[in-house]
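*Asks:*
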Amino acid sequence: MRRIVLNRRRLAAGAAILTAVFAAAAAFRQWVLPYCVPLPEEELARRIPARRFFDRAGRLLHSRPGFDYEWRFPVRLDALPAHLVEITLAVEDRNFHRHDGVDLAASARAFWQLLKHGRIVSGSSTVTMQLMNLADRRPRSWFNKLCQMELARGWEKKHSKREILEAYFNYLPYGGKLYGVEAAARYYFGRSASELNFAECTLLAGIPQRPNRFRPDRHPEAARRRQKTVLEMLVRRKLLTAGEAGRIYAEEPLRYRDFSLPLWRRAADPQFFELAERSAEAPLPERVTVTLDPELQHAALALLKRSVALHPSVHDGALAVLENRTGKVRALVGTLDFGALPAGQVNAAVAYRSPGSALKPFLFGEAVEGGMLAGDTVLDDSPLLYGGYRPGNFDGTFRGRVSAETALAESLNTPAVRLLRSLGTERVKRTLSRFGLWRPGAPAPDKLGLSLALGSLDVTLLDLANAYRAITSGGIYRPFLLLEDAAAPAGTAVWSAGSCEMLASMLRSRALPEAGGLPVAWKTGTSNGNRDAWCIAFTPEWTVGVWFGNKDGTPSPDLVGGPLAAPAAGAMMRTLYRNAPPPEWPEAHREITALCRRSGLRPGMFCGETFPGAVVRGIPLQSCRDCRREANAKAPKPTAVVTPAPGTYRAEAGGGVRFRLDSTPAEVHFYLDNRYQGKIAAGSDLMLAPGTHRLLFWGGDGYRAASMEIRVLPPRNAERKKAPEPSGPGAGTADPVT
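Our numbering applies: residue 1 is where the sequence shown begins, and numbers increase by one.
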């Protein structure tokens, strides 16, 4: 009896222990395990959606697939038809709002049916479990199914039912590369999910079970059978009557789009859209409005192709059109054939290349801003040598003294190099940096040296065109924009409006080829070795940048900015103004004043003839130094006499005082006591008798005379024979008496 009681106690204790273990395990699974399972949030986050790009008129320009070439367009849950959500939950997870991620009743039912029939009759995956399967794909197994269940429970602990349902509708597969109900609605019916009727919702709700088997574009009969099954399930769930289901199936239309026509418009050259995405400072929505004007883009590409066709040794070109007021890029061609090998996908508009003389306006503009020159200021175009650097002009000739306007317009090299030397490379670096042209990692200014004036700093076409645009904005630099709805960026004031007006005036002194006489400011550039040909042209409204070259760097004699790039820029300007003339150039910050005829600077006291010239109001122009130097050069030089020096001297015994002449020039005309004594040479001896004498030395033409007075006292012996009188020491020497 005692043994029976003992056994019962042991059994009770064991049962209690097992109960506690199971309770602890259940509590651990319910409250601890869901928080320990690593959730696949990063996997879902990296599946970026597809994106569509529109112009400002609302025209679709380009569609880009998302992660793994998926067509998925996110949509908010409240934007979906209520009946679509209701139908999908009725088909996929009718207990969605009552379970914690795992439907135990559905799991038990599915397991019983598996045992009874020996095959899977119905599934037990909830909406959350399906979402986890989409994010964390694993081979089908019992263990992986258990892992999926715990992932679902963990996900439900962290996310609301609304968030889960919205993610589910955005990641569901609908056949092929279609993911999410919005992409499916657009592809199959050509409309947004919010515009679907009830019949179309029932068809879409049935596709995710076997997406490729039930897609209506390839298997319309199977899709219709699946739709009928969905309607029957709705009848069983008492969401529809049998009559309503029959009417919907028989009468409500399925408004399929024409599957023979492509739906996702893909641009032949997607480079602009890729650049626009990279320029965004925040995540972009599915629908993006870009600054691109398709008509201008088409005209720019056609223009480049025509130009290249005329030059067999030139294979590539790029063109940018910027709207000056807003900084929006209205056209950007970076390649002539995106599909060409080997470099068709290289965007030449943002590739770093040598701009040649196209950098010179920034040197001249900085000099104008500093009051160093105006358009009429005279510069020196003559041979020069700095160390081992000997720059020359493109045509091998020198013009001598030319105006700054001519030096810039004709792209003369030696005036630009002299100007850079006066400004200093560090100052020019600061200026170019403020205009967005000195990129991080560029060589130090002292390494580039004076060649910086001729374009040794590599820049991109888009950056260079945008820097020129700042000239039209009163010297205020702002980054360019590729997104139509982007906020206007803050500006950096680099130059005054008056300096920009002066620079623009200098750059429009010559007519731009092929521009039809339009008043356009422009500058060309040719890189060393004829590898790049540039032209940047601008009006108050538009800036156009053109580049020609070969992406592999192959040189060509045709790659010269003037003959090749300038006509293309002019033709593009003519396209921009085909319907209206350009506005007048601003002149409010310039004024006319008298300038020195010789230097083109503010006249000084030595200047003679002047002329009226334009200067920047508020920036004092440097005064003329040429006329001062010339006046000093023409003025007589002084005749310099070191010895004799004026003063009082004691005569030698029995005579006077002997001096040795030390003068410049080495031979002088000598006058003693107003009598000409003839020419004497440096090193000659001069003997002066006691008394007071006036000496005059003249170096001849071009020299001023030097005069002095010397007093020679008698020797001391002679003084003793006379009545005593005071006298200084040093008698009989040529030393002065002190």
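Ideal Cβ placement from N, Cα and C applies to all residues, glycine included.
1) Mapping DSSP to helix, strand and coil, what is HIS62?
2) Just how far apart, CA to CA, sit GLU179 and ALA580?
3) Does the separation of the CB atoms of LEU661 and GLY683 fall below 8 Å?
4) With DSSP collapsed to three states, give me the class of HIS97.
5) Could you please give me the residues that DSSP links to CYS796 through a beta bridge?
6) Return the CA-CA distance between MET573 and ARG255, expressed in angstroms with no decimal places.
7) Buried or exposed: ARG469, going by 16 or more other Cβ atoms within 10 Å of its Cβ?
8) Looking only at its own chain, which residues have a Cβ that is under 8 Å from the Cβ of ARG59, when we skip the five neighbours before and after it?
9) So, at 7 Å on beta carbons, what are the nonlocal neighbours of GLY334 in its own chain, with the 5 sequence-adjacent residues on each side left out?
10) Determine the contact status of GLY474 and ILE619, defining contact as a CB-CB distance below 8 Å.
11) GLU609: buried (16+ other C-beta within 10 angstroms of its C-beta) or exposed?
12) Answer yes or no: does any C-beta atom of chain B fall closer than 8 Å to that of PRO513?
13) Among the residues of its own chain, which have a CB less than 8 Å from the CB of THR414, if the five just before and after it don't count?
14) Just mark PRO173 as buried or exposed, buried being the case when its beta carbon has 16 or more other beta carbons within 10 Å.
15) Return the CA-CA distance between PRO361 and PHE53, expressed in angstroms with no decimal places.
16) What are the boundary residues of the alpha helix (DSSP H) that ALA90 is part of?
17) Which value, in whole angstroms, describes the spacing of the CA atoms of GLY396 and LEU412?
18) Which residues in the same chain as LEU363 place their Cβ atom closer than 8 Å to its Cβ, once the five residues preceding and following it in sequence are excluded?
19) For VAL615, does the three-state DSSP call read helix, strand or coil?
20) Name the two residues that bound the continuous beta strand (DSSP E) containing ALA470.
21) Put TYR171 into one of helix, strand or coil per three-state DSSP.
22) Just mark HIS298 as buried or exposed, buried being the case when its beta carbon has 16 or more other beta carbons within 10 Å.
23) Secondary structure at LYS228, three-state DSSP: helix, strand or coil?
24) Are the beta-carbon atoms of ALA689 and PHE697 separated by less than 8 Å?
25) Does the Cβ of THR241 have 16 or more other Cβ atoms within 10 Å, making it buried, or fewer, making it exposed?
26) Closest by CA to ARG602, which one among PHE611, GLU163, GLN622?
27) With a floor of 4 residues, list each alpha helix (DSSP H) that falls wholly inside the segment 311-386, ordered by position along the chain.
28) For SER433, which of GLU252, THR326, ALA467 has the nearest alpha-carbon?
29) Which residues bound the alpha helix (DSSP H) around MET572?
30) Thinking just about the alpha-carbon of each residue, which of ALA407, VAL668, ASP626, PRO355 is nearest to the one in GLY549?
31) So, helix, strand or coil for ARG629, using DSSP?
*Replies:* Put simply:
1) Strand, per DSSP.
2) The residue you asked about is not Glu; residue 179 is Tyr in the sequence shown. If I take the Cα positions, the gap works out to 48 Å.
3) Remark: C-beta atoms of LEU661 and GLY683 approach each other more closely than 8 Å.
4) In the displayed model, HIS97 falls within coil according to three-state DSSP, outside both helix and strand.
5) No information on residue 796 is available, as it lies outside the stretch 1 to 738 that the chain covers here.
6) C-alpha separation (whole angstroms): 47 Å.
7) Buried, by the Cβ-count rule.
8) Cβ-Cβ distances below 8 Å link ARG59 to PRO294 in the same chain, with the five nearest sequence neighbours on each side left out; the list follows chain order.
9) Annotation for GLY334: GLN271, ALA318, ASN347, ALA348, ALA349, VAL350 place their beta carbon closer than 7 Å to its own, counting only its chain and skipping 5 residues before and after.
10) No, the pair does not count as a contact, with Cβ atoms beyond the cut-off.
11) Classification of GLU609: exposed, given that the 10 Å Cβ count is below 16.
12) In summary, chain B is missing from the structure at hand, where a single protein chain is found.
13) So the qualifying residues of the chain are ASP380, ASP381, SER382, PRO383, LEU384, PRO391, GLY392, ASN393, PHE398.
14) By the Cβ neighbour-count rule, PRO173 is buried, with 16 or more other Cβ atoms within 10 Å of its own.
15) PRO361 and PHE53 have their C-alpha atoms some 36 Å from each other.
16) Its alpha helix (DSSP H) spans residues 82-92.
17) Cα to Cα, the separation comes out at about 10 Å.
18) So the qualifying residues of the chain are ALA416, LEU419, LEU420, LEU423, VAL428, ALA453.
19) Three-state result, VAL615: strand.
20) Element bounds for ALA470: not the beta strand (DSSP E) but the alpha helix (DSSP H), 461-472.
21) Three-state result, TYR171: helix.
22) HIS298 comes out exposed.
23) In the structure shown, LYS228 sits in a helix (DSSP, three-state: H, G or I).
24) Result no, Cβ atoms of ALA689 and PHE697 do not sit closer than 8 Å.
25) THR241 should be labelled exposed.
26) Minimum Cα distance to ARG602 is reached at GLN622.
27) If we require 4 residues or more, the alpha helix (DSSP H) runs fully inside the segment 311-386 come out as 360-369.
28) Out of GLU252, THR326, ALA467, ALA467 has the C-alpha closest to the C-alpha of SER433.
29) It spans 566-576 - the alpha helix (DSSP H) in which MET572 sits, taken as one unbroken run.
30) Selected option, being the one with the closest Cα: PRO355.
31) ARG629 falls in the helix class under three-state DSSP.
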